[in-house]
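Final position of the sequence shown in the numbering used here is 1057; the numbers increase by one with none missing. Virtual Cβ for every residue (Gly too), placed ideally from N, Cα, C. What follows is one structure encoded as structure tokens, with my remarks underneath.
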Amino acid sequence: MISLVHTAEKTEFEDKKKEKKLKPNVVHYYNNIMGGVDKVDQHITYYLVARKRDKIKYYQNLFFHLLDQALYNSFVIHNLAGGAKNNMNYRITIVEQNKPNVQLLGPRRPSVSLLSLTR
939 MISLVHTAEK TEFEDKKKEK KLKPNVVHYY NNIMGGVDKV DQHITYYLVA
989 RKRDKIKYYQ NLFFHLLDQA LYNSFVIHNL AGGAKNNMNY RITIVEQNKP
1039 NVQLLGPRRP SVSLLSLTR
């Protein structure tokens, strides 16, 4: 782990077998603060951009994870600036503000090439 706050000093602790061991202060601090699942990962899993991540390629999975993190980071900054929305409403607002103006032209007629193949 990299830390700008902690030094390379180590802290003594007892493991599950009651044996005394040493671990870096930054690891001890992180384990005490987080207590288990990383809170950001926990919040991100509530509203994933891509629900079925096991069926997509690894680079798509990475892209969607980074997009989820960016959306959550912007949500946290929004709340710190005085925003009062929850995460889902914030994401809906982001989508509505960034969706393209699409106009549906009505029913489309079949392609001429498809019609010629069926005759």
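Judged by DSSP secondary structure, residue 1009 falls within the alpha helix (DSSP H) whose first and last residues are 996–1018. Contact annotation: residue 1013 and residue 1025 have beta-carbon atoms nearer than 8 Å. Taken in chain order, the complete beta strand (DSSP E) segments of 3 residues or longer contained in the region 947–994 are 948–952 and 958–962. In the three-state scheme derived from DSSP, where H, G and I count as helix and E and B as strand, residue 1033 is classed as helix. The three-state secondary structure of residue 1025, taken from DSSP, is helix.
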